[in-house]
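Below: the structure, in structure tokens.
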Amino acid sequence: MVATVSIYFDTGGSDAAPATETDVDVLGPPNLRFKLADNPTIDTNDKLVIPASGDYYSMWKQIYLYCDNPDGNSIDNLRLYSDGTNNFGTGVDLEVGTTSPFPEKTNTSDAGYEVATKTGDSGDEMTANHAGVSAKASIFTYSEGSPLSLTISESGGVIDAAGETSDYFVLQMKISDTAGPGELPVDEQLTIKYDES
4 MVATVSIYFD
14 TGGSDAAPAT
24 ETDVDVLGPP
34 NLRFKLADNP
44 TIDTNDKLVI
54 PASGDYYSMW
64 KQIYLYCDNP
74 DGNSIDNLRL
84 YSDGTNNFGT
94 GVDLEVGTTS
104 PFPEKTNTSD
114 AGYEVATKTG
124 DSGDEMTANH
134 AGVSAKASIF
144 TYSEGSPLSL
154 TISESGGVID
164 AAGETSDYFV
174 LQMKISDTAG
184 PGELPVDEQL
194 TIKYDES
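The letter at position 42 of the sequence shown is residue 45 when you use this note's numbering, and the numbering goes up by one with no holes.
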């Protein structure tokens, strides 16, 4: 048998103490919406703003792999990737924090969680405002053949019990002054791959 897992993200609350843990499966596609609010709701409120110059950001998302049932197995070697192509259009990118180890998350600790904040019409940029993120890259630089390795802070560096998790990985949408108005033309899909033994 194989383990069953879900993808969760945390919102609200205070640093190291999120208010809400959300399973993306309950939201239905699209499962995440990047906006100027720190909540899991899929709606048309709190839209991102195109800056007159430079870049604006969404509020960041803090996401993790959650083990529903290991079925006697251990999970490790987590890799995150996209299809390698940004289809959002000119001036729009999705960035991921690349600092390793990633912000700490376990079944008993949310130590790496930092509340997403904003200033005016922009979310606060993650490398300047999230203590666990000092470097970032476009998620589209990571593909199946060249993925981003994620980290696990559970005992032994593996996930082998229900409720155990990966560390957080942080995503944030960037809007540049070259972006055009309107809805994005496509939804993008990300993949987490792992080893199981």
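Where is the CB? At the ideal position from N, CA and C, for every residue including glycine.
Asked                                                                                                                                                                                      : Found
Can you give me the Cβ contacts of residue 167 inside the same chain, cut-off strictly under 6 angstroms, excluding the 5 residues immediately before and after it?                        : 70, 110, 157
In terms of DSSP beta bridges, what is residue 79 paired with?                                                                                                                             : 198
My output table needs one value for residue 126: the three-state DSSP class, helix, strand or coil.                                                                                        : strand
Hey, how far is the Cα of residue 152 from the Cα of residue 130?                                                                                                                          : 18 angstroms
Assuming contact is defined by CB atoms lying nearer than 8 angstroms, are residue 103 and residue 154 in contact in what I supplied?                                                      : yes
By Cβ distance below 6 angstroms, which residues in the same chain neighbour residue 176 in space, the five residues on each side in sequence not counted?                                 : 37, 61, 97
What are the partner residues of residue 151, as DSSP defines its beta bridges?                                                                                                            : 83
Would you call residue 117 buried or exposed, if buried means 16 or more other Cβ atoms sit within 10 Å of its Cβ?                                                                         : buried
What does the Cβ neighbour count give for residue 182, buried or exposed, with the cut at 16 atoms within 10 Å?                                                                            : buried
Give me, in chain order, the residues of the same chain whose beta-carbon lies closer than 8 angstroms to that of residue 56; leave out the 5 immediate sequence neighbours on both sides. : 180
Do you know offhand how far residue 54's Cα is from residue 93's?                                                                                                                          : 14 angstroms
Report the CB separation of residue 76 from residue 200 in whole angstroms; it is logged as a contact under 8 angstroms.                                                                   : 6 angstroms
How would you label residue 21, buried or exposed, when you count the other beta carbons within 10 angstroms and need 16 or more for buried?                                               : buried
Is residue 195 closer than 8 angstroms to residue 78 when the C-beta atoms are compared?                                                                                                   : no
Tell me whether residue 244 sits in a helix, a strand or coil according to DSSP, three-state version.                                                                                      : Outside the displayed range of the chain (4 to 200) lies residue 244, so it cannot be described from this structure.
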